[in-house]
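Working notes, structure below.
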Amino acid sequence: MRMKYVLSEVLVGLWRNVTMTLAMIITMAVSLFMLGGSGLLYQKVGDMKDLYYENVEVSIFLKTDVNEQQRTDLETKLKADPLIKEVTYVDKTEAYKRFQQMYADAPDLVNAVKPDQLPESFRLTLNNPEQYKNIYDEYKASEGIDTIVDQSKLLDKVFGVLTGFQNGALAIAIVMAIAALLLVANTIQVAAYSKRREVAVMKLVGASNWFIQAPFVLEAVVAGLIGSILGLIALIVLKTLAAGSSMAALEGLITPISWSEIFLTFPLMAAVGGLVSAVTAWVTLRFYLRV
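In this note's numbering, the protein residues as written are 43 to 333.
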């Protein structure tokens, strides 16, 4: 009987303040959508870093007038370096083949470049790509070396942009979460005030605080759960739209987000939405019932 009463009061309370309830649900949905999206983005940025840094190379380009002795001495030193996992020598012919493959869509550019115009180089795979600076400091003054190029420098810029988007999404999620909390607190206060006489009577007849608070807390929990469902739907819609747009072409560059990862995000969104709403409602009512 008590549970039936509590559930009926939850439904009545949600409908009584329907406009504020809708505002609370929508705000919660947006904040949980941003939270889930930033969480997925954070995970993908981490996966991309691991994927790209595993394959990053340091390229040491040689001068055009490098002699055989200088090249041999450098190769011997590189192969003996404990920081370097693998050393690959690329002569002018191999460099030209790679150039042709890289710019296969620009035949005019390929025809304008001759094999002897491309420099010889050593391509290094490091045991720890983050130690590029040590390689640069060690070999920058060596004879026969023209330039040292590290792919991770470019990747750091790309990941810097992605991290900026990630932090921006998280910041928006936090702002929206604060707005949702304020709406939850305000909605519960209004609902409790509209039932102040019933609450007073229940307190006079000895009803426990838990029994009085339960309908209001459940209202907030239901609103939070509905908001998490809407947030999940928004993520699904975004994933569907992205798959059918020009963003699909980026799947070869970035780690794609799978459907399973999106659906596994929902329990976290629902837990955050329900728990935060419940705690906010309970704290608000604790202050209210003490008046």
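By construction, the Cβ of each residue, glycine as well, lies at the ideal position given by its N, Cα and C atoms. Computed from a predicted structure; not experimentally measured.
Discussion item. Can you find the residues in the same chain that come closer than 6 Å, C-beta to C-beta, to residue 272, ignoring five residues on each side of it along the sequence?
Written reply: 71
Worksheet item: Taking Cβ positions only, does residue 142 come closer than 9 Å to chain C?
Response: Of the protein chains in this structure there is only one, and it is not chain C.
Worksheet entry | Backbone CA spacing between residue 108 and residue 186 [nearest angstrom] | 5 Å
Worksheet item: What is the residue span of the beta strand (DSSP E) that residue 187 lies within?
Response: 187-192
Worksheet item: Just curious, the alpha helix (DSSP H) that residue 335 is in, first and last residue?
Response: Only positions 43 to 333 of the chain appear in the structure, and residue 335 is not among them; the question remains open.
Worksheet item: With DSSP run on the structure shown, which of helix, strand or coil describes residue 329?
Response: helix
Discussion item. Taking 9 Å as the threshold (C-beta atoms), are residue 225 and residue 181 in contact?
Written reply: For residue 181 and residue 225, no; Cβs fall outside 9 Å.
Worksheet item: In angstroms, rounded to a whole number, what distance separates the CA positions of residue 276 and residue 75?
Response: The straight-line gap from Cα to Cα measures roughly 7 Å.
Practice prompt. Report the option in 142, 138, 145, 146 whose CA atom is closest to the CA atom of residue 160.
Written response: 138
Discussion item. If you follow the beta strand (DSSP E) that residue 98 is in, where does it begin and where does it stop?
Written reply: Segment: none, residue 98 is in no beta strand (DSSP E) and carries neither H nor E.
Discussion item. Residues in the same chain with beta-carbon distance under 6 Å from residue 130, minus the five sequence neighbours each way, listed in chain order, please.
Written reply: 165
Worksheet item: Taking the continuous beta strand (DSSP E) assigned at residue 106, which residues delimit it?
Response: Run containing residue 106: none; DSSP gives neither H nor E here.
Worksheet item: For residue 155, which three-state DSSP category applies?
Response: coil
Worksheet entry | Touching by the beta-carbon criterion (3+ pairs, under 8 Å), the region 253-267 and the region 316-327 | yes
Worksheet entry | Alpha carbon of residue 306 to alpha carbon of residue 300, nearest angstrom | Cα to Cα, the separation comes out at about 10 Å.
Item to complete: Helix, strand or coil for residue 205, going by three-state DSSP, please let me know.
Response: Residue 205: helix per DSSP, three-state reduction.
Item to complete: Can you have a look at residue 143 and say buried or exposed, based on whether 16 or more other CB atoms are within 10 angstroms of its CB?
Response: exposed
Worksheet item: Which two residues bound the contiguous beta strand (DSSP E) that contains residue 126?
Response: Where residue 126 is concerned, the enclosing beta strand (DSSP E) starts and stops at 126-132.
Fill in: Residues bridged to residue 164 (per DSSP)
102, 131
Practice prompt. Out of 326, 111, 86, 156, point me to the one whose CA is closest to residue 259's CA.
Written response: 326
Fill in: Option in 222, 221, 207, 329 with minimal Cα separation from residue 86
207
Worksheet entry | residue 176 in three-state terms, based on DSSP | helix
Worksheet item: What's the call for residue 255, buried or exposed, on a 16-neighbour Cβ count within 10 Å?
Response: buried
Worksheet item: Nearest to residue 346 by CA position, among 145, 157, 100, is which residue?
Response: Residue 346 lies beyond the range of the chain shown here (43 to 333); nothing can be said about it.
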